[in-house]
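Undergrad: All residue numbers for the sequence shown refer to the numbering used here, where the first residue is 121 and numbers rise by one.
Just so you know, even glycine gets a beta-carbon here, dropped at the ideal spot from N, CA and C.
Treat the numbers as computed from the prediction; the structure is a model and nothing was measured.
This is the structure I have questions about; it appears just below.
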Amino acid sequence: MAQAKKLFIRTYGCQMNVYDSERMAEALGASGYVATERPEDADMILLNTCHIREKAAEKVYSELGRLKPLKTANPDLKIGVAGCVAQAEGAEIMRRAPLVDLVVGPQTYHRLPAMEAAVRNGARAVDTEFPEEDKFAHLPKGPRASRGPAAFLTVQEGCDKFCAFCVVPYTRGAEASRPAARVLAEARDLVDRGVREITLLGQNVNAYHGEGPDGADWSLARLIDTLARIDGLARIRFTTSHPNDMRDDLIEAFASQPKLMPYLHLPVQSGSDRILKRMNRKHTAESYVAIIDRLRAARPDLALSGDFIVGFPGETDADFEDTLALVRRVGYGQAYSFKYSARPGTPAAERRDTVADAVASERLARLQALLTEQQRAAQDAMVGCCVSVLFEKPGRMPGQMVGKSDHLHAVHVTDPRATPGTIAPVRITASAPNSLAGELL
Ligand code: 5AD
Ligand code: SF4
121 MAQAKKLFIR TYGCQMNVYD SERMAEALGA SGYVATERPE DADMILLNTC HIREKAAEKV
181 YSELGRLKPL KTANPDLKIG VAGCVAQAEG AEIMRRAPLV DLVVGPQTYH RLPAMEAAVR
241 NGARAVDTEF PEEDKFAHLP KGPRASRGPA AFLTVQEGCD KFCAFCVVPY TRGAEASRPA
301 ARVLAEARDL VDRGVREITL LGQNVNAYHG EGPDGADWSL ARLIDTLARI DGLARIRFTT
361 SHPNDMRDDL IEAFASQPKL MPYLHLPVQS GSDRILKRMN RKHTAESYVA IIDRLRAARP
421 DLALSGDFIV GFPGETDADF EDTLALVRRV GYGQAYSFKY SARPGTPAAE RRDTVADAVA
481 SERLARLQAL LTEQQRAAQD AMVGCCVSVL FEKPGRMPGQ MVGKSDHLHA VHVTDPRATP
541 GTIAPVRITA SAPNSLAGEL L
C-alpha cells in the first residue's frame with residue numbers, strides 16, 4: 121500500500137472555520153491524507169483564513185512567508201489557502217504568492233479533492249464560486265474517527281444583515297440553512313462517535329429556517345427540540361445570534377429545554393443608538409436590553425456574552441459612554457471587544473469621519489477593563505457553588521482533567537473519576553483569571 125500523504129491545516133478565526141477545517145480534513149482523508157501536527161512533515165498545507173479584521177487577514181501573507189523554506193526544501197509540498205481571505209482576495213493571493221498552489225473559498229470545499237488531484241498534476245487551481253448545492257452534502261467522507269466529547273455542527277451559513285462594517289455577507293454569501301434531516305443525521309453520527317455536547321453554528325444561527333422532514337420550515341427552536349431527543353446527547357448550544365432574530369419560541373426554549381445550556385452569545389456592537397443606526401444594525405440599545413430581560417425571565421441563570429466594536433466612524437465620547445452604560449446594565453459573563461477595522465468593500469470603509477487610532481485604543485482599553493471586571497466577578501461568584509461539568513481532556517498538571525461548566529467556564533479537577541465524556545457535579549473551590557478549579561462531588 122502506498123504511504124499515506126500527510127495534511128497540515130492551520131485554522132484562523134471563528135468556530136465555523138474550525139468546523140470547516142475538520143470537514144476539509146475528512147474530505148482529503150478520502151483522497152488518502154492523514155492529519156499531521158507538524159507542517160514540516162506535510163505533503164499538503166492548508167491555511168483556513170479569516171478576513172473579519174485587517175489583522176486577521178494580514179496573517180495569511182506572513183504565514184505564507186514562513187512556509188517558503190518548507191516549499192524550497194520539498195518541491196512536492198502543495199500549499200492551499202482556504203476560508204474568507206481566499207474568498208475575498210483569491211486572485212490577489214495567486215498573484216502575490218507564487219508558492220500557493222490552490223485557493224478555495226468557503227462555499228466550494230466539496231471540490232477540494234478534485235482540486236487536490238489537479239495540483240498534484242502540476243496545475244494551480246482557484247475556486248471561489250458560490251454554487252447552489254449544499255457543500256456539506258457533497259463532501260466525501262474519510263474513515264469515521266472517534267471524537268472528543270464536544271463538537272461543532274454548522275446548520276446555517278452566510279448573512280443578509282449587511283452591518284455596515286462587516287465582510288461576512290460578501291465572504292460567506294447569502295444566508296442559507298441546511299435541511300433539518302441532514303443536521304439530525306450528522307448529530308446522531310457525532311453522538312455515536314462519543315460526542316455529548318453539540319454547538320450549532322451559523323453566522324446568524326438564530327435565523328435558522330431549514331426545511332424539516334415534514335416539508336415545513338423549521339425554526340432553530342424546533343431543531344433544538346428535536347436534537348434534544350437524541351439519547352446520549354446531553355448538551356446543546358448555539359452561536360452566533362443577531363438580536364432581531366431572537367424569536368419567541370427560542371426564548372421559550374431556554375425555559376423549557378433542559379439540554380439547552382444557559383449561555384448565550386448575543387452581540388450588540390455598541391450601546392449608542394446613533395452608532396447602531398450608522399452600523400445598520402436595525403435595533404436599538406433599548407430593544408436589545410428588552411430581549412435580554414425576556415431571556416433572563418425565561419432562564420434566570422443565563423450567562424451572556426457579546427461582541428463590541430469601539431471607534432466606529434463618527435463615534436463620540438458620549439456614544440462610547442453609552443456603550444459602557446449598556447455593558448453595566450446587562451452584565452456580561454464573557455465578551456469580545458474589537459477596535460473598528462475598515463474592511464475593503466464594506467459601506468463603513470467609505471466613511472470619512474474616522475476616529476483617531478489613539479482614541480480608539482484608549483476606549484478599547486477602558487471597555488476591556490470593564491468587561492474583564494464583569495467576567496472575573498461572574499467567575500468568582502461560582503466559588504462554593506456546585507456546577508455541572510462535561511470533562512473534555514487532560515489538563516496541564518499530572519492527573520488533572522479540564523471540562524466546561526454549563527456556563528462555559530473552564531473547570532479543572534484532579535480526580536481519576538473525571539474521565540473525558542463524563543458529566544458530573546463539581547463543587548468550585550477556586551477562581552483563576554481564565555478558569556475555575558473544583559472537586560468532584
Ligand atoms: N472591525 C472590527 N470588528 C469587527 N467585527 C466584524 N467586523 C468588524 C470590523 N470591520 C466584529 C463584530 C462581530 C465579530 C465577529 O467581529 O463585533 O460580531
Ligand atoms: Fe456581520 Fe452583521 Fe451579519 Fe453578524 S449580522 S455576520 S456582524 S453583517
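(1) For the ligand 5AD, is there a heavy atom less than 7 Å away from the beta-carbon of Ile429?
(2) Enumerate in chain order the residues of its own chain whose CB-to-CB distance from Ser525 is below 6 Å, with the five nearest sequence positions on each side excluded.
(3) Just checking His385 against the ligand SAH - is the residue's beta carbon closer than 7 Å to any of the ligand's heavy atoms?
(4) Assuming Ser376 is part of the alpha helix (DSSP H), what are its boundary residues?
(5) Is the beta carbon of Leu556 sitting closer than 8 Å to the one on Ile548?
(6) Cβ-heavy atom distance between Gln227 and the ligand 5AD below 7 Å?
(7) Give the DSSP-derived three-state secondary structure of Arg130 in the structure shown.
(8) Since Glu236 contacts Ser151 with CB under 8 Å, what's their CB separation in whole angstroms?
(9) Among the residues of its own chain, which have a CB less than 7 Å from the CB of Ala301, if the five just before and after it don't count?
(10) Answer yes if the segment 330-347 comes into contact with the segment 244-261, meaning at least three C-beta pairs across the two stretches below 8 Å, and no otherwise.
(11) Do three or more CB pairs link the segment 157-174 to the segment 202-217 at distances below 8 Å?
(12) On a Cα-Cα basis, can you pick out the residue from Leu190, Thr274, Thr404 that is closest to Arg357?
(13) Please say whether Tyr408 and Pro86 have beta carbons closer to each other than 8 Å?
(14) Can you give me the Cβ contacts of Tyr181 inside the same chain, cut-off strictly under 6 Å, excluding the 5 residues immediately before and after it?
(15) Compare the beta carbon distance of Met502 and Phe511 with 8 Å and say whether it is the shorter of the two.
(16) Only counting runs of 3 or more residues, tell me where the beta strand (DSSP E) segments fall wholly within the segment 425-507, in order along the chain.
(17) Measure the C-alpha to C-alpha separation of Ala307 and Phe374 and round it to an integer number of angstroms.
(18) What residues come near the ligand SF4, if near means a beta carbon less than 7 Å from any of its heavy atoms?
(19) Is it the case that the Cβ atoms of Tyr153 and Ala124 are separated by a distance below 8 Å?
(20) Using the Cα positions of Ala538 and Val546, report the straight-line distance between them to the nearest angstrom.
(21) Check whether the segment 309-326 and the segment 279-289 are in contact - that is, three or more C-beta pairs closer than 8 Å.
(22) Of the residues Gly268, Arg292, Ala265, which one's Cα is nearest the Cα of Gly278?
(23) Can you tell me which of Ala270, Leu491, Ala497, Leu340 puts its alpha carbon nearest to the alpha carbon of Asp365?
(24) If you pair each beta-carbon of the segment 344-359 with each one of the segment 394-404, do three or more pairs fall below 8 Å?
(25) Given this structure, state the Cα-to-Cα distance separating Thr534 from Ala485, to the nearest angstrom.
(26) According to DSSP, is Tyr328 helix, strand or coil?
(27) Do Lys397 and Gly431 count as a contact pair if the criterion is CB distance below 8 Å?
(28) Quick check on the DSSP output: the alpha helix (DSSP H) that includes Ile395 runs from which residue to which?
(29) Near Asp442, which residues of its chain fall below 6 Å by C-beta distance, leaving aside the five closest residues on each side in sequence?
(30) Taking the alpha helix (DSSP H) that Tyr229 falls in, what are its first and last residues?
(31) Assuming Arg143 contacts Phe256 under a Cβ cut-off of 8 Å, what Cβ separation, rounded to an integer in Å, is found between them?
(32) What do you get for Asn554, buried or exposed, if any count of 16 or more other CB atoms within 10 angstroms of its CB means buried?
(33) Just tell me which of Gln494, Arg483, Arg130, Asp500 has its CA closest to the CA of Arg449.
(34) Give me, in chain order, the residues of the same chain whose beta-carbon lies closer than 7 Å to that of Ala294; leave out the 5 immediate sequence neighbours on both sides.
(35) Which residues share a DSSP beta bridge with Glu317?
(36) Got a sec, what are the start and stop residues for the alpha helix (DSSP H) Leu187 sits in?
TA: The structure says:
(1) Yes, the ligand 5AD has a heavy atom inside 7 Å of this Cβ.
(2) So the qualifying residues of the chain are Val507, Val509, Val531.
(3) Because the ligand SAH does not appear in the structure shown, any question about it cannot be addressed here, the ligands present being the ligand 5AD and the ligand SF4.
(4) 368-376 is the span of the alpha helix (DSSP H), which, as asked, contains Ser376.
(5) Yes, they are a contact pair.
(6) no
(7) Note: Arg130 maps to strand in three-state DSSP.
(8) 6 Å
(9) Pro333
(10) Result no; under three Cβ-Cβ pairs closer than 8 Å.
(11) yes
(12) Thr274
(13) Since the displayed the chain opens at 121 and closes at 561, residue 86 lies outside it and no answer follows.
(14) Hits under 6 Å: none found.
(15) Pairing Met502 with Phe511 gives a Cβ-Cβ distance that is not under 8 Å.
(16) 454-459
(17) 20 Å
(18) Cys279, Lys281, Phe282, Cys283, Cys286, Val288, Pro289, Gln323, Asn324, Thr360, His362, Pro387
(19) The answer is yes: Cβ separation under 8 Å.
(20) 10 Å
(21) yes
(22) Nearest of Gly268, Arg292, Ala265 to Gly278, Cα basis: Arg292.
(23) For Asp365, the nearest C-alpha among the options comes from Leu340.
(24) no
(25) 36 Å
(26) In the displayed model, Tyr328 falls within coil according to three-state DSSP, outside both helix and strand.
(27) no
(28) 393-398
(29) Gly391, Ser392
(30) Run containing Tyr229: none; DSSP gives neither H nor E here.
(31) 7 Å
(32) exposed
(33) The shortest Cα separation from Arg449 among Gln494, Arg483, Arg130, Asp500 belongs to Gln494.
(34) Closer than 7 Å at the Cβ level, and outside the excluded window around Ala294, lie Gly278, Asp280.
(35) Ala270, Arg355
(36) That run of the alpha helix (DSSP H) goes 174-193.
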